[in-house]
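What follows is a set of notes on a single structure, which appears directly below.
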Amino acid sequence: MLLSLDKVTTYYGQMRILEGISLQVGEGELVCLLGGNASGKSTTLKTVLGVVTPRSGRVLLDDKDVTGWPVPQRIARGIAIVPENRRLFGQMTVRENLEMGAVLRHREKLDDDFDRVHALFPRLLERRNQLAGTLSGGEQQMVAMGRALMSRPRLLLMDEPSMGLSPALVQQNFQIISEVHQSGVAVLVVEQNAAMALSIADRGYVLSTGEIVLTGSAAELLRSEDLKRAYLGR
Amino acid sequence: MSQLATDEPAPVAPAGPQVGADEWVARQAQRREYLPSWLGGTERLVEKVGWWPRLGLAAAAGLVLPLLHVGQFQLQVGIDSLVLALLALGLNVTVGWAGLLDLGYVAFFGFGAYGFALVSSDQLSAQGVHWPAYFSIPVVVVATGLLGLLVGLPSRRLSGDYLAIITLFFGEAFYEITNTVASSKLGGEDGIVGIDPIRGFGVQLLSTEQYYYLMVIFVVGAMIVLRLLEFSRTGRSWRAIRDDPLAASAMTISVDKVKLMAFAFGAMVAGLAGTEFAAQQVSIAPTDFTTQYLIMIYACLILGGAGSIGGAVAGALVLNVVLDGILRNPTYTGYLFYGLIVIALLVKLRPWRRLALVAGSTIVFGYALHAIAAAISHSWVSGSLQSGGWIASALRGWVIVPASATGPGDWGFVLLICMLIALAQVHGRTRTLLLVPTIYLAAFTWETLLGTPTNASITRYIIIAVVLIVMMIARPQGLLGTRRVEVPT
Ligand SMILES: Nc1ncnc2c1ncn2[C@@H]1O[C@H](COP(=O)(O)OP(=O)(O)OP(=O)(O)O)[C@@H](O)[C@H]1O
Ligand SMILES: [Mg+2]
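Line by line, the protein sequences give chains A and B.
Here my numbering is used: position 132 in the first sequence is 115, and no number is missing along the way.
Here my numbering is used: position 84 in the second sequence is 85, and no number is missing along the way.
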């Protein structure tokens, strides 16, 4: 298994946010994580990344226990992230931001990756010398996506990758995610737009106040009455 | 603005699913416009020239300067400015790029100077230690780098205010150690005297010219190295951890390691500056490395634009030349004072009609006031102007200078400050109206109080403060810096 969380419980101070979460993402799978606001989706991704350490439970990458590892070491095993709120390097240009995504590799060998990202997001080619902090919100989201793709990840974590994009662009963005997935990359995507996410996903999990209340194949979840109740509130 | 001024081919949009390929991309060529006005033109020209040719031009200008028959004093100001420039370059690494607030930086400068002095004088033993410069300078620079690494260790855990306090303690500790704790070895408050000049391979640098050239070479060399570093993986990592350490670590950057490197690199540049300073000064003392000097280095970096190599150097040159080259001479100080007022009016007062109105009213106001004062009592106008030369002849009969100027000068100064505060509060016609007496009062205060030789040292700092404030308002990013952008999180 590429990624698995084994009964992970995460706290912020005294507050228990995740309660015994178990979740798997296999090689080349597209898994979506659904849930209402404050249900713990971002916290789950932060636990995978190592920004927060679980109080109990284990995080496994390639069946290797990485629970106590620092962030860079985990990332170096082939993970990339599109963080919530983008978190670009605002004082650096678009091109430099993209380069940061592949900071481990030599700059000379990045041409193919630039071409790939620019093909997906032409706007970024045109804006390459602009400071990322001055981009429009939607453009910043594109940079965050492009930056994650630059490292040629095996597992892509995405926290609301469509945030700030217009409805038309959201659709195109999901097409891109689906295409990235088809090229063999495993994806764990957090999305508010459940229908859209499930339409491209293989499987899904539904979080509610820190617990996984529902899981199954995308088709099952789409049909599920429980999803409507759990996700949309009763 | 840079994206407006680049002439690069329009990108081609390839086939396949795309995001953001809308009318913006299609029409971007038509939407590109050059800034109007001479300012945009200059900016475009400067950008066209490119960084390396600009460095070449600046270096050539620096090397040609001594050929223009400048005096020893001017050359010495040049050397001091270049030492300051080197220090600002090093500080730019730690503060400007990596965003680590290091308030102990001046101790690295001191460490370099003391290190060089100890191995190039009779301080350590009766026969002394006299290493050749090609050996001592690299050793001292590397040692300073190691010290930087050590000081940087707490920065892995601390940031912001905490780091600032810890490093400030380090700076103070260095001062105390050199001044009192290890005074038998380090010479206490007298410091170390009789330091060798730079020598090696049978050559000795003795004249001011030679040190000037050496400093130009060091500064240009440091600029080249730092420029190569800026866009390297390390340089980008520095800027990344300044912008967002968490995101940087998610890009596999080891934040701790990168911070330590920033400290070490900054320290090495400061250490290099220290060796040159010690060799050229012949003697050094703890008072050369005080927090006051640290503030000066920070001022250079802020004035020039933190994060910009050219800015760090330009800030240091401008500030030091103004402070030591111009403000030590009363006549030049007067030119600068009145020049600043005139420039501020020219830039800020629009349209021209308003400018002419203010200028005209100010002239009439002054002569009228002078005539009234002279009619009341001769002693009110019989004092002598502080300015000399053509400024004096222009102002005579216009500005009131009482025979005993001190008291009125003090009151004028207080009133001037009140007027300036009032000016900032009002707008429109009231401001235009208020401007006239304010300008007059400024001239009055200068001629009676600020321009007097006894107040010269205070006036220097007032002028610098005013320059920095004006800079902050007009160009917050500094002379050559790029404007910081807010990032929503
Ligand atoms: N650093 C923190 N300290 C304390 N509480 C936190 C912290 N980060 C998150 N929380 C809390 O944890 C809960 C879960 O947050 P999380 O960000 O995981 O939600 P989410 O599912 O991503 O929600 P959304 O869809 O709104 O982004 C929230 O109640 C939040 O207030
Ligand atoms: Mg969230």
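No residue lacks a Cβ here, since even glycine has one placed at the ideal position from N, Cα and C.
Quick caveat: nothing in here was measured; it's all calculated off a predicted structure.
B/Ala11 - DSSP class collapsed to helix/strand/coil | Locating residue 11 of chain B in the second sequence gives position 10, counting from the first residue. Unreliable positioning characterises B/Ala11 in this predicted model, as indicated by a pLDDT of 45, which lies under 50. The coordinate reading is nonetheless provided below. If DSSP states are grouped into helix, strand and coil, B/Ala11 belongs with coil.
Within 8 angstroms (strictly less), CB to CB, does A/Pro66 reach chain B?
-> Taking the first residue of the first sequence as position 1, residue 66 of chain A is located at position 83. So yes, A/Pro66 belongs to the interface.
Would you check if the stretch 139 to 151 of chain B and the stretch 112 to 121 of chain B touch, i.e. whether three or more CB-CB distances between them fall below 8 angstroms?
-> Of all C-beta pairs linking the stretch 112 to 121 of chain B to the stretch 139 to 151 of chain B, three or more are shorter than 8 angstroms, placing the two stretches in contact.
Taking 7 angstroms as the cut-off, is the CB of A/Asn80 close to at least one heavy atom of ligand 1?
-> Here residue 80 of chain A refers to the residue found at position 97 when the first sequence is read from its first residue. Taking non-hydrogen atoms of ligand 1 into account, the C-beta of A/Asn80 is found less than 7 angstroms away from none of them.
In the stretch 48 to 62 of chain A, which residues sit with their C-beta less than 8 angstroms from some C-beta in chain B, listed in chain order?
-> Cβ proximity to chain B below 8 angstroms picks out Pro53, Val54, Pro55, Ile58, Ala59 from the stretch 48 to 62 of chain A.
Chain B contacts made by the stretch 102 to 119 of chain A, where a contact means CB separation under 9 angstroms = Going along the stretch 102 to 119 of chain A in chain order, one finds Ala102, Leu103, Phe104, Pro105, Arg106, Leu107, Leu108, Glu109, Arg110, Arg111, Asn112, Gln113, Leu114, Ala115, Gly116, Thr117 with a Cβ nearer than 9 angstroms to chain B.
Rounded to whole angstroms, what's the CA-CA distance from B/Ala6 to A/Leu28? Just pull it up for me.
-> Looking up residue 6 of chain B in the second sequence gives position 5. Looking up residue 28 of chain A in the first sequence gives position 45. Reliability fails at B/Ala6, whose pLDDT of 39 lies under 50, so the model's placement of it is uncertain and the value that follows must be treated cautiously. So the two alpha carbons sit approximately 41 angstroms from each other.
For B/Lys49, verify whether its CB is less than 7 angstroms away from any heavy atom of ligand 2.
-> By one-based count along the second sequence, residue 49 of chain B stands at place 48. Not one heavy atom of ligand 2 falls within 7 angstroms of the beta-carbon of B/Lys49.
Is it the case that the CB of B/Asp103 approaches a heavy atom of ligand 2 more closely than 7 angstroms?
-> Position 102 of the second sequence, counted from the first residue, corresponds to residue 103 of chain B. Checking the Cβ of B/Asp103 against ligand 2 gives no.
Taking DSSP as the reference, what is the three-state secondary structure of A/Ala63?
-> Within the first sequence, numbered from 1, the residue matching residue 63 of chain A stands at position 80. In the structure shown, A/Ala63 sits in a strand (DSSP, three-state: E or B).
Check: A/Asp142 C-beta below 7 angstroms from any heavy atom of ligand 2 = Translated into the one-based positions of the first sequence, residue 142 of chain A becomes position 159. Distances from the CB of A/Asp142 to the heavy atoms of ligand 2 include at least one below 7 angstroms.
Assuming B/Ile254 and A/Pro55 make a contact with CB atoms under 8 angstroms, what is their CB distance in whole Å?
-> One-based indexing of the second sequence puts residue 254 of chain B at position 253. One-based indexing of the first sequence puts residue 55 of chain A at position 72. Right, the Cβ-Cβ distance comes to about 7 angstroms (below 8 angstroms), so this counts as a contact.
Are the C-beta atoms of A/Gly73 and some chain B residue less than 8 angstroms apart?
-> What you label residue 73 of chain A is simply residue 90 of the first sequence in a count that begins at 1. At least one chain B Cβ lies under 8 angstroms of A/Gly73.
In whole angstroms, what is the alpha-carbon distance linking A/Leu138 and A/Ala63?
-> Sequence index remark: in the first sequence, residue 138 of chain A carries index 155 (1-based). Sequence index remark: in the first sequence, residue 63 of chain A carries index 80 (1-based). The C-alpha of A/Ala63 is placed about 6 angstroms away from the C-alpha of A/Leu138.
State yes or no: is the C-beta of B/Ile218 within less than 8 angstroms of the C-beta of B/Ala279?
-> Translated into positions along the second sequence, residue 218 of chain B becomes position 217. Translated into positions along the second sequence, residue 279 of chain B becomes position 278. Taking C-beta atoms as the reference points, B/Ile218 and B/Ala279 fail to come closer than 8 angstroms.
Straight-line gap, A/Met(-2) to B/Asn321 (C-alpha atoms, nearest Å) = Walking along the first sequence from the start, residue -2 of chain A turns up at place 15. Walking along the second sequence from the start, residue 321 of chain B turns up at place 320. Cα-Cα distance, rounded: 55 angstroms.
Run through DSSP, which three-state label would A/Thr117 get?
-> Start at 1 with the first residue of the first sequence, and residue 117 of chain A comes out as number 134. Correct three-state label for A/Thr117: helix.
Any C-beta of chain A under 8 angstroms from that of B/Ser160 = Position 159 of the second sequence holds residue 160 of chain B. Taking Cβ atoms only, chain A never reaches closer than 8 angstroms to B/Ser160, which makes this a no.
Using a threshold of 8 angstroms, state whether the C-beta atoms of A/Arg41 and A/Thr50 are closer than that.
-> As a working mapping, residue 41 of chain A is identified with position 58 in the first sequence. As a working mapping, residue 50 of chain A is identified with position 67 in the first sequence. In this structure, the beta-carbon distance from A/Arg41 to A/Thr50 falls below 8 angstroms.
Got a list of residues with beta-carbon closer than 5 angstroms to any non-hydrogen atom of ligand 1, in chain order?
-> Listed by chain position, these are A/Tyr(-5), A/Ile0, A/Asn20, A/Ala21, A/Ser22, A/Gly23, A/Lys24, A/Ser25, A/Thr26.
Sort B/Leu356, B/His371, B/Arg228, B/Gln19 by Cα distance to A/His101 and report the nearest one.
-> Indexing the first sequence from 1 puts residue 101 of chain A at position 118. Closest by C-alpha distance to A/His101, out of B/Leu356, B/His371, B/Arg228, B/Gln19, is B/Gln19.
Beta-carbon proximity of B/Leu370 to B/Ile401, cut-off 8 angstroms | Here the question's residue 370 of chain B lines up with position 369 in the second sequence. Here the question's residue 401 of chain B lines up with position 400 in the second sequence. Against a cut-off of 8 angstroms, the Cβ pair of B/Ile401 and B/Leu370 comes out as a contact.
Straight-line CA distance for B/Met269 to B/Gln128?
-> For the purposes of this step, residue 269 of chain B is identified with residue 268 of the second sequence, where counting begins at 1. For the purposes of this step, residue 128 of chain B is identified with residue 127 of the second sequence, where counting begins at 1. Spanning the alpha carbons of B/Met269 and B/Gln128 requires a straight line of approximately 29 angstroms.
Check the Cβ of A/Leu(-12) against every Cβ in chain B and list those closer than 8 angstroms, keeping chain order.
-> Stepping through the first sequence from its first residue, residue -12 of chain A is reached at position 5. Within chain B, no residue comes near A/Leu(-12); the closest Cβ sits about 18 angstroms away, beyond 8 angstroms.
Tell me, which residues are paired with A/Ala169 by DSSP?
-> Translated into positions along the first sequence, residue 169 of chain A becomes position 186. Looking at the DSSP output, A/Ala169 shares a beta bridge with A/Leu138.
Kindly say whether B/Gln478, judged by its beta-carbon, lies nearer than 8 angstroms to any beta-carbon of chain A.
-> Residue mapping note: residue 478 of chain B aligns to position 477 of the second sequence, counting from 1. Answer no: the Cβ-Cβ gap between B/Gln478 and chain A never drops below 8 angstroms.
Along chain A, which residues have their Cβ under 7 angstroms away from the Cβ of B/Ala251?
-> In the second sequence, residue 251 of chain B corresponds to position 250, counting from 1. Per Cβ cutoff of 7 angstroms: Leu32, Val54, Ile58, Ile64, Pro66.
Would you kindly report the start and end of the unbroken beta strand (DSSP E) that includes A/Gly199?
-> Taking the first sequence and counting its residues from 1, the one referred to as residue 199 of chain A is at position 216. A/Gly199: member of the beta strand (DSSP E) spanning 194 to 200, first to last residue.
Give me the Cα-Cα distance between A/Gly121 and A/Ile159, rounded to the nearest whole angstrom.
-> Translated into positions along the first sequence, residue 121 of chain A becomes position 138. Translated into positions along the first sequence, residue 159 of chain A becomes position 176. Approximately 15 angstroms, taken between the alpha carbons.
In whole angstroms, what is the alpha-carbon distance linking B/Leu528 and B/Met262?
-> Absent from the structure is residue 528 of chain B, since the part of chain B shown begins at 2 and ends at 490.
Going by the CB atoms, is the gap between B/Leu273 and B/Leu87 shorter than 8 angstroms?
-> Along the second sequence, read from residue 1 onward, the residue named residue 87 of chain B stands at position 86. Along the second sequence, read from residue 1 onward, the residue named residue 273 of chain B stands at position 272. With contacts defined by Cβ atoms closer than 8 angstroms, B/Leu87 and B/Leu273 form a contacting pair.
May I ask whether a heavy atom of ligand 2 can be found less than 7 angstroms away from the beta carbon of A/Glu174?
-> On the first sequence, position 191 is the one that residue 174 of chain A refers to. No, since every heavy atom of ligand 2 falls outside the 7 angstroms radius drawn around the Cβ of A/Glu174.
Taking A/Pro194 as the reference, give the member of A/Gly11, A/Leu17, A/Glu10, A/Ser(-13) with the closest Cα.
-> Within the first sequence, residue 194 of chain A is the residue found at index 211, counting from 1. Checking the sequence, you will find Glu at residue 194 of chain A rather than Pro. The shortest Cα separation from A/Glu194 among A/Gly11, A/Leu17, A/Glu10, A/Ser(-13) belongs to A/Leu17.
From A/Phe72, A/Pro53, A/Glu174, A/Leu71, residue whose alpha carbon lies closest to that of A/Val34 = Here residue 34 of chain A corresponds to residue number 51 of the first sequence, with the count starting at 1. Nearest option by C-alpha distance: A/Pro53.
Quick one: which chain B residues come within Cβ less than 9 angstroms of A/Glu91?
-> Taking the first residue of the first sequence as position 1, residue 91 of chain A is located at position 108. Simply none; closest approach about 12 angstroms.
Beta-carbon contacts of B/Ala1 that lie in its chain and below 8 angstroms, excluding the five residues immediately before and after | Nothing in the structure corresponds to residue 1 of chain B, since chain B is present only between 2 and 490.
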